Amino acid sequence: MSFGTLLIVATLLVYFLRKSKRVVLSQWQLARRGLLPPGPATLPIIGNMHQMVWNKPAVFRWIHRLLKEMNTDIMCLRLGATHVIVVTCPEIACEVLRKKDEVFASRPSTFASGTFSFGYKGSVLSPHGEQWRKMRRVLTLEILTSSMEQKLHHLRKEEYDHLVSNLPSSSTNGPGHEEEAHVGALFTALNHVYSFCVSDYIPALVGLDLDGHEEVSMDVMRTINRLHDPIIRERIRERSSTLEEGSENKEVRDFLDVLVHLKDEEGQPLLSLQEIRAQTAVSTIYLSRKFIHYSSIIYYICLKLFCCCIVLIALFIPTSTDVGNGACSSR
Numbered sequence: 000m001s002f003g004t005l006l007i008v009a010t011l012l013v014y015f016l017r018k019s020k021r022v023v024l025s026q027w028q029l030a031r032r033g034l035l036p037p038g039p040a041t042l043p044i045i046g047n048m049h050q051m052v053w054n055k056p057a058v059f060r061w062i063h064r065l066l067k068e069m070n071t072d073i074m075c076l077r078l079g080a081t082h083v084i085v086v087t088c089p090e091i092a093c094e095v096l097r098k099k100d101e102v103f104a105s106r107p108s109t110f111a112s113g114t115f116s117f118g119y120k121g122s123v124l125s126p127h128g129e130q131w132r133k134m135r136r137v138l139t140l141e142i143l144t145s146s147m148e149q150k151l152h153h154l155r156k157e158e159y160d161h162l163v164s165n166l167p168s169s170s171t172n173g174p175g176h177e178e179e180a181h182v183g184a185l186f187t188a189l190n191h192v193y194s195f196c197v198s199d200y201i202p203a204l205v206g207l208d209l210d211g212h213e214e215v216s217m218d219v220m221r222t223i224n225r226l227h228d229p230i231i232r233e234r235i236r237e238r239s240s241t242l243e244e245g246s247e248n249k250e251v252r253d254f255l256d257v258l259v260h261l262k263d264e265e266g267q268p269l270l271s272l273q274e275i276r277a278q279t280a281v282s283t284i285y286l287s288r289k290f291i292h293y294s295s296i297i298y299y300i301c302l303k304l305f306c307c308c309i310v311l312i313a314l315f316i317p318t319s320t321d322v323g324n325g326a327c328s329s330r
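Letter 266 of the sequence shown, counting from 1, is numbered 265 in numbering that gives the first Met the number 0, and no numbers are missing.
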């Protein structure tokens with residue numbers, strides 16, 4: 000092993016030891032002050048992650064066994080630098096979900112959620128804070144209103160008619176290359192947004208991408224940005240040209256137009272480019288989740304109808320192929 004390699008290994012070792020020292024000290028200080036519920040013994044840096052891996056896939060049985068052995072209704076597991084609070088008591092659960100809602104209601108910060116929301120600029124994946132409140136106000140006061148629903152009703156109807164009229168050609172020709180890439184990226188984002196990533200629990204590993212999770216997330220965003228950015232930038236250029244011409248009462252065509260044309264008290268654009276990109280990306284990802292839900296329902300209904308048809312056909316199939324000889328006359 001060369002001297003350069005030894006130097007790199009030694010540097011990484013010192014870096015991780017310093018990181019682990021800070022994590023252990025913070026855990027010890029919290030436990031000493033009595034701020035954390037009881038929990039099983041932990042290892043430096045990884046905490047209880049090794050136990051979770053050993054007990055896969057029935058991790059919930061391991062957690063229930065720990066609660067029973069410790070004779071407690073609330074327990075703290077440490078997965079790297081993340082504390083997981085397990086609650087089984089209804090009274091404690093009510094306190095967590097109602098009285099301490101602001102503390103526990105925030106979305107977890109993960110590499111994938113931060114990447115998909117452009118650094119938590121959108122509404123759905125952002126942790127509780129000022130940015131989340133801002134985007135929530137935008138959605139509740141400008142987007143999800145009855146007046147906006149009525150204003151865009153005729154446009155949605157036109158789009159429905161266009162979609163139905165294109166069904167025959169779409170079923171014949173199939174989806175295009177860009178459509179397949181877009182849908183594939185959205186489904187991949189759904190699968191990775193809150194899936195296990197080792198760097199989410201051990202922040203010192205961010206950038207090493209030991210499990211390939213980070214590269215997949217960034218590849219998804221490269222595809223989404225490649226397809227979304229031209230449309231968003233074109234709408235922003237249209238807004239600029241509209242302001243120069245002085246025709247500000249131009250009819251909005253969709254929610255993207257609403258986001259682009261929002262203004263603050265000083266007449267400046269309310270949302271930045273990153274906020275618009277984040278909101279459109281996150282909204283599209285979660286709309287695909289609704290599509291999966293409804294497609295599952297349709298699949299279930301079709302399966303039930305298919306089974307019913309099989310039963311009905313079976314009732315009318317003769318028990319013998321000798322139909323002409325009166326094999327079914329006994330019915």
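The C-beta atom is built at its ideal place from N, Cα and C for all residues, glycine as well.
Values in this document were obtained by computation on a predicted structure and should not be read as measured data.
(message) The alpha helix (DSSP H) that contains Val123, what's its start and end?
(response) Counting along the chain, Val123 falls outside any alpha helix (DSSP H), and DSSP gives it neither H nor E.
(request) Measure the C-alpha to C-alpha separation of Ser122 and Asp208 and round it to an integer number of angstroms. (result) 27 Å
(request) Just mark Cys93 as buried or exposed, buried being the case when its beta carbon has 16 or more other beta carbons within 10 Å. (result) exposed
(message) Between which two residues does the beta strand (DSSP E) holding Cys75 run?
(response) Ile73 to Leu78
(request) Tell me whether Gly46 sits in a helix, a strand or coil according to DSSP, three-state version. (result) strand
(request) Would you tell me roughly how many angstroms separate the C-alpha atoms of Gly118 and Gln273, rounded to the nearest one? (result) 9 Å
(request) Determine the contact status of Val259 and Met147, defining contact as a CB-CB distance below 9 Å. (result) no
(message) On the DSSP letters alone, give me the boundaries of the beta strand (DSSP E) that Ile142 sits inside.
(response) Where Ile142 is concerned, there is no enclosing beta strand (DSSP E), given that its DSSP letter is neither H nor E.
(request) Could you spell out the range, first to last residue, of the beta strand (DSSP E) harbouring Val83? (result) Thr81 to Val86
(request) Can you give me the Cβ contacts of Ile297 inside the same chain, cut-off strictly under 8 Å, excluding the 5 residues immediately before and after it? (result) Low per-residue confidence applies at Ile297: pLDDT is 48, beneath 50, and the placement is therefore not dependable enough to give any value.
(message) Am I right that Thr331 and Asp72 are in contact with their C-beta atoms under 8 Å? What's the rounded C-beta distance?
(response) No answer is possible for residue 331: it lies beyond the span of the chain, which begins at 0 and ends at 330.
(request) Using only alpha-carbon positions, find the residue among Val85, Thr81, Gly79 and Ile45 that is nearest to Trp61. (result) Val85
(request) Go ahead and label Val322 buried or exposed: buried means 16 or more other beta carbons lie within 10 angstroms of its beta carbon, across all protein chains shown. (result) Because the pLDDT of Val322 is 41, which lies under 50, any placement of that residue in the model is unreliable, and the question is left without a value.
(message) Tell me which residues share the same chain as Val58 and place their Cβ nearer than 6 Å to its Cβ, disregarding the 5 neighbours each side in the sequence.
(response) Met51
(request) With DSSP collapsed to three states, give me the class of His181. (result) helix
(request) Pick helix, strand or coil for Pro268, following the three-state DSSP scheme. (result) strand
(message) According to DSSP, simplified to helix, strand and coil, what is Lys262?
(response) strand
(message) Quick check on Gly206: buried or exposed, where buried means 16 or more other Cβ atoms within 10 Å of its Cβ?
(response) exposed
(request) Enumerate in chain order the residues of its own chain whose CB-to-CB distance from His227 is below 8 Å, with the five nearest sequence positions on each side excluded. (result) Arg276, Thr279, Ala280 and Thr283
(request) For Trp131, collect the residues of the same chain with a Cβ closer than 6 Å to its Cβ; drop the 5 residues on either side in sequence, then sort them by chain order. (result) Ser125
(message) Taking the straight line between their C-alpha atoms, what separation do you get for Ile44 and Asn224?
(response) 35 Å
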